[in-house]
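Just below is one structure, and these are the notes that go with it.
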Amino acid sequence: MSDDLLRPTIRTSAGTARPWRVSSQAYVAFFGGVLAVTTIAFLNSGKLGMAARERRLVLLIGGVALAAELVLAHLIADLVAINALRLIIRAVALLGYFAQARLQHTAERVFQLRGGEHASLWGPGFGALFGCGIPEALLVAVVVWTA
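Residue numbers for the sequence shown follow this note's numbering, beginning at 239 and rising by one.
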């Protein structure tokens with residue numbers, strides 16, 4: 239029987255993949271949009287060992303941000319130029335990122351305090367950009383076209 243005093247209080251994730259730096263997800267949000275950053279944030283929250291409730295909140299924030307983006311695109315499509323619409327869509331994606339980053343902050347701090355090394359986000363970031371960002375742009379284009 240082991241002594242509870244000697245049991246580690248912080249779980250280690252020795253066999254799991256290394257998480258990505260949360261601050262780097264802002265680039266994914268800016269260039270890829272809401273779907274891309276939500277995908278990356280959800281995967282990263284799993285790598286950070288976050289609770290299922292917090293991971294669902296990441297998805298909820300992404301869904302709310304996407305809905306807000308589509309409603310805004312529909313409402314202001316006739317009022318502003320396409321460049322202003324792109325800027326507004328990027329702002330919504332960044333707001334979603336900030337909320338998702340706030341949820342990941344504590345888990346990332348624990349990871350950093352344990353001396354963990356972050357993984358590179360280049361490959362997954364580009365994958366999310368093309369896999370999620372392009373379909374999201376097409377979805378917004380359809381919403382704007384039907385407005």
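Glycine included, every Cβ here is placed at the ideal spot set by N, Cα and C.
Because the structure is a prediction, the values reported are computed rather than measured.
Under the three-state DSSP convention, the category residue i falls into
i, result
"A306", "helix"
"V381", "helix"
"A357", "strand"
"G253", "Low per-residue confidence applies at G253: pLDDT is 47, beneath 50, and the placement is therefore not dependable enough to give any value."
C-beta contact flag for residue i and residue j at 8 angstroms
i, j, result
"E346", "L286", "yes"
"C357", "A255", "Here residue 357 turns out to be Ala, not Cys, going by the sequence shown. Yes, Cβ-Cβ distance for A357 and A255 is below 8 angstroms."
"V266", "L367", "yes"
"G371", "F269", "yes"
"A303", "G284", "no"
"S262", "L359", "yes"
Cβ shell of residue i (< 8 angstroms), same chain only, five flanking positions each side left out
i, result
"L297", "T276, F280"
"P362", "W258, I278, L281"
Neighbour flag for residue i against chain D, beta carbons, 8 angstroms
i, result
"H356", "The structure shown contains no chain D, having only a single protein chain."
6 angstroms CB neighbourhood of residue i in its chain, flanking five on each side removed
i, result
"G253", "Confidence at G253 is low in this model, with a pLDDT of 47, below 50, so its placement is unreliable and no value can be given for it."
**Message:** Could you tell me which whole alpha helix (DSSP H) segments of length 4 or greater appear in the stretch 272-347?
**Reply:** Correct list: 272-285, 290-314.
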